[in-house]
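Data first, discussion second: the structure below is written as structure tokens.
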Amino acid sequence: GQSLEQPSEVTAVEGAIVQINCTYQTSGFYGLSWYQQHDGGAPTFLSYNALDGLEETGRFSSFLSRSDSYGYLLLQELQMKDSASYFCALDRGSTLGRLYFGRGTQLTVWP
Amino acid sequence: NAGVTQTPKFRVLKTGQSMTLLCAQDMNHEYMYWYRQDPGMGLRLIHYSVGEGTTAKGEVPDGYNVSRLKKQNFLLGLESAAPSQTSVYFCASSFHRVNTEAFFGQGTRLTVV
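Residue numbers (the working numbering), protein chains in the order written: chain A, 2 to 112; chain B, 944 to 1056.
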């Protein structure tokens, strides 16, 4: 089976940098994804790490270390609109239904 | 381009009633999924399909059935609804390859009383 652990809540102020960690246990996977979900909305894709290292997309970066079974999402120059839930998800491949989601981290950005 | 469309958006059922949730995608995706989301539980996979005419069970399949008769549609059925099935249901689709994003519908809020 698989397991994913991420903090349930994180708070920060506008303009700050926040890191949301994700630790996992799995026998094998293709990559680690991150999704954002605003209250009442649909999850939307942010990033995918297939290899170890950092992937940067604008203000957001994601990191994966397979040797440490660990990844993180880094959000820079925080804005109020970044207040949302953030989910890490393991890509298990097609025979196991692809994405296995963590329970999510609620990020609140204060002015 | 509509993406992934779910119908209905809201529904209230009485215990024991049946219903079907419809998911339609217009991106020619091979893979389609049904998730349920409950407070503090993240997204849990109910059933999924890797192509037309194929379905498979996810982590929480009990009480649900699915069908994928056409590539663009994935139906989720509740034969006899229970209060424990009160949840927000999300359909998603993706291409047949790794390192690709899943696109989600806007969700169906189902309440079983």
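Using N, Cα and C, we set each Cβ at its ideal position, and we do this for glycine too.
Give a yes or no on contact between the segment 1009 to 1019 of chain B and the segment 961 to 976 of chain B, applying the rule of three or more CB pairs nearer than 8 Å.
Contact between the segment 1009 to 1019 of chain B and the segment 961 to 976 of chain B is present, because at least three Cβ pairs lie under 8 Å.
In this structure, how does DSSP classify residue 95 of chain A when only helix, strand and coil are distinguished?
Of the three classes helix, strand and coil, the one that applies to residue 95 of chain A here is helix, per DSSP.
Buried or exposed (CB count within 10 angstroms, at least 16 for buried), residue 982 of chain B:
Counting the other CB atoms within 10 Å of its CB gives residue 982 of chain B a total below 16, which places it among the exposed residues.
Whole-angstrom Cβ separation of residue 86 of chain A and residue 24 of chain A, contact assumed at under 8 Å?
About 18 Å separates the two Cβ atoms, so there is no contact after all.
Would residue 968 of chain B be called buried (16 or more neighbouring beta carbons within 10 Å of its own) or exposed?
By the 10 Å Cβ count, residue 968 of chain B comes out buried.
So that I know if they touch, is there some Cβ in chain B lying closer than 9 Å to that of residue 45 of chain A?
By this cut-off, residue 45 of chain A is an interface position.
When the Cα of residue 58 of chain A is compared with those of A:82, A:73, A:96, A:47, which residue comes out closest?
Of the candidates A:82, A:73, A:96, A:47, the residue whose Cα lies closest to the Cα of residue 58 of chain A is A:47.
If you drop the 5 nearest sequence neighbours on each side, which residues of the same chain put their C-beta closer than 8 Å to that of residue 15 of chain A?
These residues qualify, in order along the chain: 79, 80, 81, 110, 111, 112.
Identify the contact partners of residue 984 of chain B in chain A, using a Cβ-Cβ distance below 8 Å as the criterion.
The contacting residues are 104.
Please confirm whether residue 63 of chain A and residue 75 of chain A have their CB atoms less than 9 Å apart.
Yes; because the gap between Cβ atoms is below 9 Å, this pair is in contact.
Measuring alpha carbon to alpha carbon, tell me which of B:1024, B:1013, B:1043, B:998 ends up nearest residue 97 of chain A.
Checking every option, the nearest Cα to that of residue 97 of chain A belongs to B:998.
Kindly indicate which residue of A:22, A:32, A:84 has the alpha-carbon position closest to the one of residue 13 of chain A.
Here the closest residue by C-alpha is A:84.
Using DSSP with H/G/I as helix, E/B as strand and the rest coil, what is residue 81 of chain A?
If DSSP states are grouped into helix, strand and coil, residue 81 of chain A belongs with the helices.
So, residue 1054 of chain B versus residue 993 of chain B, is the Cβ gap smaller than 9 Å?
Taking 9 Å as the Cβ cut-off, residue 1054 of chain B and residue 993 of chain B do not qualify as a contacting pair.
What is the rounded straight-line gap between the Cα of residue 1039 of chain B and the Cα of residue 1002 of chain B?
Rounded to the nearest angstrom, the two C-alpha atoms are 21 Å apart.
Pick out whichever of A:60, A:100, A:104 has its Cα sitting closest to the Cα of residue 32 of chain A.
Distance check between residue 32 of chain A and each of A:60, A:100, A:104 places A:100 closest, using alpha-carbon atoms only.
Quick one: which chain A residues come within Cβ less than 7 Å of residue 993 of chain B?
Here the neighbours are 95.
Report yes if the C-beta distance between residue 971 of chain B and residue 990 of chain B is below 9 Å; otherwise report no.
No, these two residues do not count as a Cβ contact at 9 Å.
What distance in whole Å lies between the Cβ atoms of residue 43 of chain A and residue 1033 of chain B, which are believed to be in contact at a cut-off of 8 Å?
That belief holds up - the Cβ atoms of residue 1033 of chain B and residue 43 of chain A are roughly 7 Å apart, short of 8 Å.
Other residues of its chain near residue 107 of chain A: CB distance less than 7 Å, five sequence neighbours each side excluded:
Excluding sequence neighbours, residue 107 of chain A sits near 9, 10, 86.
Could you check whether residue 974 of chain B and residue 1037 of chain B sit closer than 9 Å to each other, using their CB atoms as the reference points?
Taking C-beta atoms as the reference points, residue 1037 of chain B and residue 974 of chain B count as a pair closer than 9 Å.
Please work out which residues of its chain come closer than 6 Å, Cβ to Cβ, to residue 1014 of chain B, disregarding the five sequence neighbours upstream and downstream, and give them in chain order.
Within its own chain, the residues whose Cβ lies closer than 6 Å to the Cβ of residue 1014 of chain B, once the five positions on either side in sequence are excluded, are 995, listed in chain order.
Determine the chain A residues that contact residue 965 of chain B at a beta-carbon separation under 9 Å, and present them in chain order.
Ordered by position in chain A, no residue passes the 9 Å Cβ test against residue 965 of chain B, which lies about 16 Å from the chain.
Closer than 7 Å between beta carbons: that is the criterion. Which residues of the segment 74 to 92 of chain A meet it against chain B?
So the list reads 88, 92, given in the order they occur along the chain.
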